[in-house]
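Chemist: Chains as they are written, first to last, in the working numbering: chain A, 1 to 165; chain B, 1001 to 1398.
Ideal Cβ placement from N, Cα and C applies to all residues, glycine included.
Values in this document were obtained by computation on a predicted structure and should not be read as measured data.
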Amino acid sequence: MGTAFCIAALLTLLGGVGSMCFRNLVHCAFALAVSFVGLAACYLLLGAEFVGFAQVLVYVGAVAILIVIAMLLTRNIESKHEPLVAGGWVMGVCVAVLASGSLILCVVNSSVVQGPVSARPTMSTRALGEQLMGDYVMALEGIGLLLTASLIGAVVIALREKEER
Amino acid sequence: MTTGLDQIFVALKHWVVSLCPTGWQSIVSMVISAGAILGVFASLFGLTTLLERKGLGRIQNRPGPNRVGPFGLLQPLADGLKMLTKEDIVPRSADQLIHFLAPVTMVVPVVLAYAVLPLGRNMEAVDFDAGLLFFFAAGAATEMAVFMAGWSSRNKYALLGAMRAIAQMVSYEVPMILSSITVVMFVGSMSLVQIVESQSGYHWGWLARWHAFTPWGFAGLVLFVVSATAEANRSPFDIPEGESEIIAGHLIEYSGFKYALFFLGEYLGLFSLSALGITLFLGGWHAPVVWLEWVPSYAWFFGKLLGFIAFFIWVRGTLPRLRTDQLMNFAWKFMLPLVLINLGTAALWWYTGSWVFMGAAVWRWLICAAMVVVPYAVLGRVMFERRHLGPRTYRYAS
Chain A
1 MGTAFCIAAL
11 LTLLGGVGSM
21 CFRNLVHCAF
31 ALAVSFVGLA
41 ACYLLLGAEF
51 VGFAQVLVYV
61 GAVAILIVIA
71 MLLTRNIESK
81 HEPLVAGGWV
91 MGVCVAVLAS
101 GSLILCVVNS
111 SVVQGPVSAR
121 PTMSTRALGE
131 QLMGDYVMAL
141 EGIGLLLTAS
151 LIGAVVIALR
161 EKEER
Chain B
1001 MTTGLDQIFV
1011 ALKHWVVSLC
1021 PTGWQSIVSM
1031 VISAGAILGV
1041 FASLFGLTTL
1051 LERKGLGRIQ
1061 NRPGPNRVGP
1071 FGLLQPLADG
1081 LKMLTKEDIV
1091 PRSADQLIHF
1101 LAPVTMVVPV
1111 VLAYAVLPLG
1121 RNMEAVDFDA
1131 GLLFFFAAGA
1141 ATEMAVFMAG
1151 WSSRNKYALL
1161 GAMRAIAQMV
1171 SYEVPMILSS
1181 ITVVMFVGSM
1191 SLVQIVESQS
1201 GYHWGWLARW
1211 HAFTPWGFAG
1221 LVLFVVSATA
1231 EANRSPFDIP
1241 EGESEIIAGH
1251 LIEYSGFKYA
1261 LFFLGEYLGL
1271 FSLSALGITL
1281 FLGGWHAPVV
1291 WLEWVPSYAW
1301 FFGKLLGFIA
1311 FFIWVRGTLP
1321 RLRTDQLMNF
1331 AWKFMLPLVL
1341 INLGTAALWW
1351 YTGSWVFMGA
1361 AVWRWLICAA
1371 MVVVPYAVLG
1381 RVMFERRHLG
1391 PRTYRYAS
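As structure tokens, then:
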């Protein structure tokens, strides 16, 4: 468990660092995909089979491909002369420290961490599906609506460009 | 005797594992399963290259390879040696690391996907609760591999070919996943082992209870096979390669064994998709009729798989290829509506299972069959009539 977690965590972190540090944008996208896979491995180690597989299917199979294709549609993806660290990095670091700090504080102070360590719940995929379609159906539908709205928005933006030509 | 022959490989594995010290048993068991999958399917790949060349040759009225060994049986070996000894050329401006990693990324996830497929009774490497999702998740990584190959070659044909291939794979993944969801809905489990078990038993005491023998199952099987053909880049959907347009597509800058690895990945993907189709709709390792049950389960599975391979070779030898726009129209305007309607059909079939009145089974069959056939006929007719036939105009070449 320890070694496996170390490998998965290292993969996630190195992927994340790589996606920020490579000069070539496509390399960044590949590093991001590696980080997604590492995260999926973490989920699997936690016993969340469904979430882990869905992570690979959705993020590596769809989101990473989407990012890569969007990248190829933009110009100047391989500019080697721009500085690696953008101008407003001080503000960036401040925001990052604030955001991650508040998140860490929340997690550490939450009742889940402070309470007694409960046994790892065994969640079958079937039970997960029943929960999603029963108790959390409104949240699921809401997210679906949000995605549909953004999809329609994307189509509308694309359409307007065509009319101008 | 029958069960002995049926379980011979399982028993063999247990015997080998029991010889090992206790601490090593789980690892040895895993290694044996992985080694068996790799060995069997890699040799099936070799055999298929020969069968495909032979079959295509017969369709074109010529004998096919018949010089190397008896009936040309050693041809795959000769091909492999040729591929191994070929010079491995990497373009100078290529992205060396990613160019090297792409073939590996192509093959590894495809091999991983075999882990959840039940190849016979008690013959699966792992039984995940979300096995079907694992299969598709593993398959999703091949798109990344195609992009890596196309982009890292630093060749515009390779990049365009990769874009084409990705567009095709993404489009056909949707009908493929949706058509397999019907089975998940009906069985109530994503474990492939349980899906196979749900197809045990016999109608009227002799005909197997395969999902393909129901209206939604039959439609699902057809839709699944069509999208699997496209997903595996097989003819008539093999447009990522095109000699007159983009040459070899994303494979253009690959030579020697890396090229062979891409080929291996493509064929293994085809086998795994066929195996999934068999598992979902054609009863997995179950016999089709009750009096053929004495044949070992793995023989049934591989028999069906070889049948699928023969079908794909036959299709490749007879059907002309599609154009990219036709392919996309077919996926989004024809396959997707049919697949969505088929989901409804499966749901109706599930709820009408409890009908009890005179001729309930017949009505159930008729309604569900109409739900499959009518949209197919209407959509097909509409799309056929909207087709613009006439002299082709070449916008950029006239």
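#1: Helix, strand or coil: which one does DSSP assign to lysine 1246 (chain B)?
#2: Which residues does DSSP list as the beta-bridge partners of alanine 1208 (chain B)?
#3: Do the segment 1206-1221 of chain B and the segment 1128-1137 of chain B meet, that is, are 3 or more Cβ pairs less than 8 Å apart?
#4: Check whether the segment 1282-1293 of chain B touches the segment 1025-1033 of chain B, taking contact to mean three or more Cβ pairs, one atom from each stretch, closer than 8 Å.
#5: Answer with yes or no whether the minimum CB distance from tryptophan 1332 (chain B) to chain A is below 8 Å.
#6: Can you give me the C-alpha to C-alpha distance between methionine 1001 (chain B) and glutamate 1293 (chain B), rounded to a whole angstrom?
#7: Identify, in the order they occur along the chain, each residue of the same chain with its Cβ nearer than 6 Å to the Cβ of leucine 1322 (chain B), setting aside the five sequence neighbours on each side.
#8: To the nearest angstrom, report how far apart leucine 1340 (chain B) and glycine 88 (chain A) are at their CA atoms.
#9: Cβ closer than 8 Å: which chain B residues qualify as neighbours of isoleucine 65 (chain A)?
#10: What does isoleucine 1246 (chain B) touch in chain A if you count any residue whose Cβ is under 9 Å from its own?
#11: Work out the CA separation of phenylalanine 1045 (chain B) and proline 1296 (chain B) for me, nearest whole Å.
#12: Please confirm whether isoleucine 1252 (chain B) has its beta-carbon closer than 8 Å to some beta-carbon of chain A.
#13: Taking any Cβ of chain B, which residues in the segment 11-26 of chain A have a Cβ under 7 Å from it, in chain order?
#14: Alpha carbon to alpha carbon, what distance is there between proline 1065 (chain B) and glycine 1072 (chain B)?
#15: State the beta-bridge partners of valine 1289 (chain B) as determined by DSSP.
#16: Please list the terminal residues of the continuous alpha helix (DSSP H) segment that includes glutamate 1197 (chain B).
#17: What does valine 60 (chain A) reach in chain B if we use C-beta pairs closer than 9 Å?
#18: Using three-state DSSP, classify isoleucine 152 (chain A) as helix, strand or coil.
#19: At a Cβ threshold of 8 Å, is methionine 1190 (chain B) touching chain A?
#20: Since tryptophan 1151 (chain B) meets chain A, which of its residues come closer than 7 Å, beta carbon to beta carbon?
#21: Take every Cβ of the segment 1240-1248 of chain B, pair it with every Cβ of the segment 1183-1197 of chain B, and state whether three or more of those distances are shorter than 8 Å.
#22: Would phenylalanine 1301 (chain B) and glycine 1120 (chain B) qualify as a contact pair, given that the criterion is a beta-carbon distance under 8 Å?
#23: So, for alanine 31 (chain A): in the same chain, excluding its five sequence neighbours on each side, which residues have a beta-carbon less than 7 Å away from its beta-carbon?
#24: Of all the CB atoms in chain A, is at least one closer than 8 Å to the CB of alanine 1094 (chain B)?
#25: DSSP state of leucine 57 (chain A), grouped into three classes?
#26: Given that phenylalanine 1128 (chain B) touches chain A, what residues does it touch there, using C-beta distances under 7 Å?
#27: With C-beta atoms as the reference, is valine 1174 (chain B) less than 8 Å away from leucine 1336 (chain B)?
#28: For a cutoff of 8 Å on Cβ pairs, would you count isoleucine 1098 (chain B) as touching chain A?
#29: Given a threshold of 16 other Cβ atoms within 10 Å of its Cβ, counted over all protein chains shown, does aspartate 1006 (chain B) qualify as buried or as exposed?
#30: Glycine 1139 (chain B) and proline 1240 (chain B) - do their beta-carbons sit closer together than 8 Å?
#31: Specify the secondary structure class of aspartate 1006 (chain B) as computed by DSSP and reduced to three states.
#32: Check the Cβ of phenylalanine 1134 (chain B) against every Cβ in chain A and list those closer than 7 Å, keeping chain order.
Modeler: Concretely, from the data shown:
#1: Looking at the sequence itself, residue 1246 (chain B) is isoleucine, so the reference to lysine does not match. Looking at isoleucine 1246 (chain B) - three-state DSSP - the assignment turns out to be coil, as it is neither helix nor strand.
#2: Beta-bridge pairing by DSSP links alanine 1208 (chain B) to B:Tyr1202.
#3: Taking a cut-off of 8 Å on C-beta distances, the segment 1206-1221 of chain B does not touch the segment 1128-1137 of chain B, as fewer than three cross pairs fall below it.
#4: With the cut-off at 8 Å, the segment 1282-1293 of chain B and the segment 1025-1033 of chain B do not touch.
#5: It does not; no Cβ of chain A falls within 8 Å.
#6: At methionine 1001 (chain B) the pLDDT is 43, less than 50, meaning the model places this residue with poor confidence and gives no usable figure here.
#7: Result list for leucine 1322 (chain B): Pro1236, in chain order.
#8: In a straight line, the C-alpha of leucine 1340 (chain B) is about 49 Å away from that of glycine 88 (chain A).
#9: Those within 8 Å of isoleucine 65 (chain A) in chain B are Glu1143, Met1144, Phe1147, Ile1166 and Val1170.
#10: At a beta-carbon threshold of 9 Å, none of the residues of chain A lie near isoleucine 1246 (chain B); the nearest stands roughly 16 Å away.
#11: Near 22 Å, if we compare the C-alpha coordinates of phenylalanine 1045 (chain B) and proline 1296 (chain B).
#12: Output row for isoleucine 1252 (chain B): interface = no.
#13: Taking 7 Å as the cut-off between beta carbons, the residues of the segment 11-26 of chain A near chain B are Val26, in sequence order.
#14: Taking the straight line from one Cα to the other gives about 6 Å.
#15: Under DSSP, valine 1289 (chain B) forms a beta bridge with B:Leu1207.
#16: First-last of the alpha helix (DSSP H) with glutamate 1197 (chain B): 1192-1197.
#17: Neighbours of valine 60 (chain A) on chain B, chain order: Ala1137, Ala1140, Ala1141, Glu1143 and Met1144.
#18: If DSSP states are grouped into helix, strand and coil, isoleucine 152 (chain A) belongs with the helices.
#19: Proximity of methionine 1190 (chain B) to chain A, defined by a Cβ-Cβ separation below 8 Å, is satisfied.
#20: Here the neighbours are Val26.
#21: Cβ pair count under 8 Å is below three, so no.
#22: In this structure, phenylalanine 1301 (chain B) lies near glycine 1120 (chain B), with their beta-carbon atoms less than 8 Å apart.
#23: So the list reads Gly15, Gly18, Ser19 and Phe22, once near-sequence residues are dropped.
#24: Chain A contact via Cβ: absent.
#25: Annotated three-state conformation of leucine 57 (chain A) is helix, per DSSP.
#26: Taking the beta carbon of phenylalanine 1128 (chain B) as reference, the chain A residues within 7 Å of it are Glu49, listed in sequence order.
#27: Here valine 1174 (chain B) is near leucine 1336 (chain B), since their CB atoms are less than 8 Å apart.
#28: Interface with chain A (8 Å Cβ-Cβ cutoff): isoleucine 1098 (chain B) is included.
#29: Burial call: buried.
#30: Cβ distance not < 8 Å, so proline 1240 (chain B) and glycine 1139 (chain B) don't count as in contact.
#31: Three-state result, aspartate 1006 (chain B): helix.
#32: Chain-order list of chain A residues neighbouring phenylalanine 1134 (chain B): Phe53, by C-beta distance under 7 Å.
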